[in-house]
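Numbering that gives the first Met the number 0 puts the sequence shown at residues 0 to 231. Data first, discussion second: the structure below is written as structure tokens.
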Amino acid sequence: MNESRWRLLVFILVFLAVFGVYLYSVAPTASFWDCAELIAVSYIAGVPHPPGTPLFVMLGRIFTLLPIGKEIAFRVNLIPTLFGAFSCGLLYLIIVKILSINAEAEKDRRWWLPHIAGAFGALMCGFAYSYWDNCVEAEVYGPCVVIALTVLYLALVWREGREKGTGDNRQILAAIFLLFVATGIHFTPMLVVFAVLVFALLVDRHAVIHLRFIEFMVGYLLILTINEMGFS
């Protein structure tokens, strides 16, 4: 089995392990505070408290139509459960990519070491109390973590392509798109904006200037600031 297939296998195993535990412990009905509100607005396609989560509401509406379980609340609670488990798989892939940098000499002898470290790191994150608690009830943080980790993974893939001279800027453009999409759920993914900007400047500052990435960052933060000021 080559390394790419091994990576896919471990990704699936991590996802299934975390998802199985989350599914066993997911809230069977509505929980206190925002969870119940998000379940209600998903069912009626309504508007939650400011600043609103339109993308999550649309996603929740789709999940309410699934023929799974008797409770509408249970169906909406599956959203963070599914996304939370998927984000653990993404974290595994990110750890493997980071540990594989500048480790070509040891790759043939200890190719399995980054995969074990990545799997343990992903499982430790998935079963941490705060993360687990937010992935078994209707909350916006599960999808947001998926978007944030996807942006980080795209940045690593972009770097790998630039190092080999075979890549382009599609990964960075996709990351920018996802960051704007995330504003329809929550502003948590903005935490990775500066990290990605510094990383991109260190890898290839000319590409960043060509993409006008800095202007995007300023505009993105301006939108978030106006949004927060308008609803505060």
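We put the beta carbon where it would ideally sit given N, CA and C, even for glycine. Since this is a predicted model, take the numbers as computed values, not measurements.
Can you find at least 3 beta carbon pairs, one from the segment 115-132 and one from the segment 80-99, that sit closer than 8 angstroms?
yes
Less than 8 angstroms between the C-beta atoms of L200 and V192, yes or no?
Taking the sequence shown and counting its residues from 1, one reaches residue 200 at position 201. Taking the sequence shown and counting its residues from 1, one reaches residue 192 at position 193. Against a cut-off of 8 angstroms, the Cβ pair of V192 and L200 comes out as no contact.
Using the C-alpha atoms, what's the distance from P66 back to C134?
Taking the first residue of the sequence shown as 1, we reach residue 134 at position 135. Taking the first residue of the sequence shown as 1, we reach residue 66 at position 67. When the Cα atoms are used, C134 and P66 turn out to be separated by approximately 21 angstroms.
Determine, using beta carbons only, whether V40 and P50 come nearer to each other than 8 angstroms.
The residue given as residue 40 occupies position 41 in the sequence shown. The residue given as residue 50 occupies position 51 in the sequence shown. Taking a C-beta distance under 8 angstroms as the contact criterion, V40 and P50 do not qualify as a contact pair.
When you compare the CB positions of P27 and F73, do they come within less than 8 angstroms of one another, or not?
Taking the first residue of the sequence shown as position 1, residue 27 is located at position 28. Taking the first residue of the sequence shown as position 1, residue 73 is located at position 74. Yes. Within cutoff.
Just the C-alpha distance for V75 and E162, rounded to the nearest angstrom, thanks.
Your numbering for residue 75 matches position 76 in the sequence shown. Your numbering for residue 162 matches position 163 in the sequence shown. In a straight line, the C-alpha of V75 is about 42 angstroms away from that of E162.
In chain order, what residues of the same chain have a beta carbon less than 7 angstroms from the beta carbon of T187, not counting five sequence neighbours either side?
As a position in the sequence shown, residue 187 is number 188, starting the count at 1. Counting only residues of its own chain and dropping the five nearest sequence neighbours on each side, T187 has a CB closer than 7 angstroms to the CB of Y140, C143, A147.
In angstroms with no decimal places, state the Cα-to-Cα distance between I78 and A154.
Residue mapping note: residue 78 aligns to position 79 of the sequence shown, counting from 1. Residue mapping note: residue 154 aligns to position 155 of the sequence shown, counting from 1. Near 26 angstroms, if we compare the C-alpha coordinates of A154 and I78.
Determine whether the beta carbon atoms of I94 and G68 lie at a separation below 8 angstroms.
For the purposes of this step, residue 94 is taken as the residue at position 95 of the sequence shown. For the purposes of this step, residue 68 is taken as the residue at position 69 of the sequence shown. The answer is no: Cβ separation not under 8 angstroms.
Between G183 and the rest of its own chain, which residues show a CB-CB distance below 6 angstroms, the 5 nearest in sequence each way excluded?
For this step, residue 183 is matched to residue 184 along the sequence shown. Cβ within range, chain order: P53, L54.
Cβ of V145 within 8 angstroms of Cβ of F198?
Translated into positions along the sequence shown, residue 145 becomes position 146. Translated into positions along the sequence shown, residue 198 becomes position 199. No, they are not a contact pair.
Is it the case that the Cβ atoms of I71 and I38 are separated by a distance below 8 angstroms?
By 1-based counting over the sequence shown, the position of residue 71 is 72. By 1-based counting over the sequence shown, the position of residue 38 is 39. Their beta carbons are under 8 angstroms apart, which means I71 touches I38 by this criterion.
Quick check: F85 and F176, are their CB atoms within less than 8 angstroms of each other?
Against the sequence shown, residue 85 aligns to sequence position 86. Against the sequence shown, residue 176 aligns to sequence position 177. It is not a contact, given that the beta carbons lie outside the stated cut-off.
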